[in-house]
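Here's the structure, in structure tokens; my notes come after.
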Amino acid sequence: PFYGWFDDHGHLWWLWTCAAGAGLGLFGTWYVRRRDEAIKRHAAERAAGQPGA
């Protein structure tokens, strides 16, 4: 709804900056959650004494 205003005032890059931040934030959330799960899984395997841990 504000695309025209941003374009008229030369601030269209703000929208792309916001979109890039949202995309990187979603990727970061996905990455951190997967890494946390892997760390917890590794710690559980190590505590159980499973080989390869």
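Its first residue numbered 34, the sequence shown is counted upward by one per residue in this note's numbering. By construction, the Cβ of each residue, glycine as well, lies at the ideal position given by its N, Cα and C atoms.
- Per the coordinates, the alpha-carbon of Y36 lies some 11 Å from the alpha-carbon of G43.
- F39 sits close to W47, with the two beta carbons spaced by under 9 Å.
- When only Cα atoms are considered, G58 and G82 end up about 36 Å apart.
- Secondary structure at F39: helix, using DSSP grouped into helix, strand and coil.
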